[in-house]
Every structure is written in C-alpha cells, then in structure tokens.
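Chemist: Sharing a structure below in structure tokens format, with a few things to ask.
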Amino acid sequence: MKGVGDYMKISNKMFEALVKQVSHEADASQLYLAMASWCESSGYSGAAKFFYSRSEEEREHMIKVIRYINKIGAHATIPDVKQPPVNYDSFEAVFQLAYENEKDVTASVNKTVNLSKDEKDHFTFNFLQWLVDEQLEEEQMFESILTKIKLIGLDGRGIYILDKEISEMDN
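The following block contains the structure:
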C-alpha cells in the first residue's frame with residue numbers, strides 16, 4: 000500500500016492542506032444540514048430547501064477534493080466532522096453564520112491556492128480554480144441574502160417573502 004510520500008505528485012504540506020480543505024467542506028455540509036433542519040422545524044420551508052441543497056453541494060465539493068487527492072497518488076483521509084449548532088437565534092442569525100462560514104472556507108481555499116503557488120504545484124493550482132470560483136459565488140449569495148434581510152426587515156410578511164425567494168434561488 001502506498002504511503003503519503005510514495006508516488007505522490009504533491010508535497011506533504013500540500014497533501015495536509017488538501018485534507019484540511021476536505022475537513023472544511025465536510026464541516027460546511029454538516030452545518031448546512033443542521034441549518035436546514037432548524038429552518039424546516041421553524042416553518043421556513045424555503046430556507047430549509049435552500050440549506051438542504053447547500054449541504055449536498057458542500058458534500059460534492061468534499062468528494063471532489065477527496066477524488067483529486069486519490070487521483071494524484073495519495074490516499075485521502077476522512078476527517079472527523081464538527082458538531083454544528085442545533086438551535087439558532089433567528090432567521091437572520093442562520094444566514095449570518097452561514098456567511099461567516101463561507102468566509103472561513105474562502106480563507107482556507109486562498110491559503111491552499113497560495114501554498115500551491117509557493118510549491119509550484121501547477122496540478123493542484125489548476126484543480127483549485129473551480130473552488131475559488133465557487134467560493135466567490137457562495138459568499139456573494141449569502142451577502143445578498145443578508146442585504147435583503149436588512150432591506151425587507153424581519154416582520155412576518157418580510158420573512159415570508161424572503162423565504163419564498165430563497166427557495167427559488169435553488170432552481
């Protein structure tokens with residue numbers, strides 16, 4: 000069985016950074032799953048649908064990174080997942096936490112991209128470009144939702160309208 004350094008086309012530092020990225024994607028998937036459950040049980044069906052979809056998308060990101068690690072001759076390890084919060088203070092708090100999470104994931108992606116440049120690892124640099132684009136989209140989406148929450152307000156009618164609009168973001 001191959002070890003980390005055997006036949007691998009990346010450095011150990013790059014391998015560790017990619018495994019850390021797997022962890023970030025897994026944690027994000029679990030966080031969004033918990034948020035979907037909270038939204039659903041709180042009557043926010045549109046946000047629930049949205050977060051269930053986000054959870055699946057983050058899981059797809061995780062699998063894509065795992066498959067890349069394996070493809071380049073390493074063996075991706077599957078990290079433990081953080082326990083996400085079970086309850087949230089408000090509709091707005093859910094989206095604020097999601098936005099903060101996306102900014103953290105983006106920081107990790109940027110750090111990994113910078114490492115790939117420093118290591119002159121063109122394979123990994125090229126691979127990560129889809130994730131850079133994805134993170135820009137994710138951050139912009141959550142920022143837009145938070146802006147709408149502030150514009151519409153948190154009265155019943157405003158949340159109802161926004162919840163419906165968020166549901167349609169996934170189509």
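In numbering that gives the first Met the number 0, the protein residues as written are 0 to 170. Yeah, the Cβ is synthetic: ideal placement off N, Cα and C, and Gly gets one too.
Would you report the Cα separation of F14 and I68, rounded to the nearest angstrom?
Modeler: The residue labelled residue 14 in the question sits at position 15 within the sequence shown. The residue labelled residue 68 in the question sits at position 69 within the sequence shown. For F14 and I68, the distance between alpha carbons rounds to 7 angstroms.
Chemist: Between which two residues does the alpha helix (DSSP H) holding I165 run?
Modeler: Residue mapping note: residue 165 aligns to position 166 of the sequence shown, counting from 1. That run of the alpha helix (DSSP H) goes G155 to E167.
Chemist: In whole angstroms, give me the CA-to-CA distance for T123 and H60.
Modeler: Stepping through the sequence shown from its first residue, residue 123 is reached at position 124. Stepping through the sequence shown from its first residue, residue 60 is reached at position 61. Distance between the alpha carbons of T123 and H60: 15 angstroms.
Chemist: Nearest CA to the CA of V85: which residue from H74, C38 and A46?
Modeler: Reading the sequence shown from its first residue, position 86 is the one you call residue 85. Nearest option by C-alpha distance: C38.
Chemist: So, helix, strand or coil for G45, using DSSP?
Modeler: By 1-based counting over the sequence shown, the position of residue 45 is 46. Correct three-state label for G45: helix.
Chemist: What are the boundary residues of the alpha helix (DSSP H) that S22 is part of?
Modeler: To locate residue 22, count along the sequence shown from 1; it is residue 23. N11 to S40 is the extent of the alpha helix (DSSP H) around S22.
Chemist: Near L161, what residues of its chain come up, given a Cβ to Cβ distance below 7 angstroms and the 5 sequence neighbours on each side ignored?
Modeler: Sequence index remark: in the sequence shown, residue 161 carries index 162 (1-based). Closer than 7 angstroms at Cβ, skipping near neighbours: K147, I148 and I151.
Chemist: Consult DSSP for A92 and reduce its assignment to one of helix, strand or coil.
Modeler: Start at 1 with the first residue of the sequence shown, and residue 92 comes out as number 93. Looking at A92 - three-state DSSP - the assignment turns out to be helix.
Chemist: What are the start and end residues of the alpha helix (DSSP H) that includes K196?
Modeler: For residue 196 there is no data in the structure shown, the boundaries of the chain being 0 and 170.
Chemist: Whole angstroms are fine: how far does the CA of R53 sit from the CA of E138?
Modeler: Working through the sequence shown from its first residue, we reach residue 138 at position 139. Working through the sequence shown from its first residue, we reach residue 53 at position 54. Rounded to whole angstroms, E138 to R53 spans 12 angstroms at the Cα level.
Chemist: Can you tell me whether I62 is helix, strand or coil according to DSSP?
Modeler: Translated into positions along the sequence shown, residue 62 becomes position 63. I62 falls in the helix class under three-state DSSP.
Chemist: For I71 and D88, what's the separation of their Cα atoms in angstroms?
Modeler: Locating residue 71 in the sequence shown gives position 72, where the first residue counts as 1. Locating residue 88 in the sequence shown gives position 89, where the first residue counts as 1. Cα-Cα distance, rounded: 43 angstroms.
Chemist: DSSP state of K8, grouped into three classes?
Modeler: For the purposes of this step, residue 8 is taken as residue 9 along the sequence shown, with counting starting at 1. Three-state DSSP puts K8 in coil, outside helix and strand.
Chemist: Just to confirm my understanding: we take V80, look at its own chain, exclude 5 residues before and 5 after, and list those with CB closer than 7 angstroms. What are they?
Modeler: As a working note, residue 80 is residue 81 in the sequence shown. Once the five neighbours on either side are set aside, the close Cβ partners of V80 are A25, D26 and Q29.
Chemist: Drop a sphere of 10 angstroms on the beta-carbon of T76, count the other beta-carbons inside from all chains shown, and report buried for 16 or more, exposed for fewer.
Modeler: For this step, residue 76 is matched to residue 77 along the sequence shown. Classification for T76: exposed.
Chemist: Shorter than 7 angstroms, the distance from the beta carbon of D26 to the closest heavy atom of the ligand NAP, or not?
Modeler: In the structure shown, the ligand NAP is absent, as is every other ligand, since no ligand is present at all.
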